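Structure record follows, encoded as structure tokens.
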Amino acid sequence: MSRKFLLSGAIALAVAAAPLVAGTATAATAAAGQAAAVTTVYYSTSGAPTFRAAINAGAANWNRSVTNVNLVEHSSGASLRYVEGNDPRGSYAQSDGHGTGTVFIDYAQAEKYDNTRIAAHETGHVLGLPDHYSGPCSELMSGGGPGPSCTNANPNAQERSRVNSLWANGFRTLGAGGPQQRIYETLPVLTH
């Protein structure tokens, strides 16, 4: 008699636990589906060896901040290239805003401004964000507007939300194939 009660109890427990196991499997499947929506943008730092650490730090800031796109350093087959040199107009991104393009880091600008902020800001253009120079230091896309004392290299909540929205369905295809646009940052003239 106790054997029959034990068997009945085991069956009842199995039936009661079935929805919990099914719910866990559904959640795991949903999580796997979300992970599949992440787009990887490969970038190369070979053209900007002086700023490799700053570029990687800026990419890591974006990777910690957004969920729909992931930046990975990879020299071959990269759609995003970083280069360094001198340009009297300063650093810039030449991009279609869809993960493809070139980020140029200017030596003179990098002497005055935080290098990780420059790299993360220009990467923001490649991810689809525009400049907003009148924004505060807490806004990454305010660029050099707040001045050289601003070292924040992390996107704020609105910037994170916008990038997640732009990349919500995988590779950002809105307007894909359009011309690349060179986006220079107009910086205030610094006096010593």
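FYI, the numbering for the sequence shown is -27 to -1, 1 to 165, going by mature numbering (1 follows the signal peptide of the UniProt record, and there is no 0). Yeah, the Cβ is synthetic: ideal placement off N, Cα and C, and Gly gets one too. Keep in mind it's a predicted model, so treat the numbers as computed, not measured.
Query                                                                                                                   : Result
Closest residue to L139 among T124, S115 and P103 (Cα-Cα distance)                                                      : P103
Distance between T13 and E57 (C-alpha atoms, nearest Å)                                                                 : 23 Å
Inter-residue spacing [alpha-carbon to alpha-carbon] between S38 and D60                                                : 30 Å
Per DSSP, cross-strand counterpart(s) of N43                                                                            : T13
Spatial distance of V99 from Y16 (CA atoms)                                                                             : 11 Å
Cut-off 6 Å between Cβ atoms - residues of its own chain near H47, not counting five sequence neighbours on either side : Y15
Three-state secondary structure assigned by DSSP to A(-1)                                                               : Any reading at A(-1) is ruled out, since the residue's pLDDT is 32, under 50, leaving its predicted position unreliable.
Neighbour-count burial assignment, Q82, 16 or more Cβ in a 10 Å radius                                                  : buried
CB-CB length for E95 against A66, believed under 8 Å                                                                    : 4 Å
Among E84, R62, P22 and G101, nearest to G74 - alpha-carbon criterion                                                   : G101
Environment of R90 [buried if 16+ CB atoms lie within 10 Å]                                                             : buried
Same chain, Cβ closer than 8 Å to residue 175, neighbours up to 5 away in sequence not counted                          : There is simply no residue 175 to check, as the chain begins at -27 and stops at 165 in what is shown.
Spatially closest choice to F24 from V76, V45, G108 and E132, by CA coordinates                                         : V76
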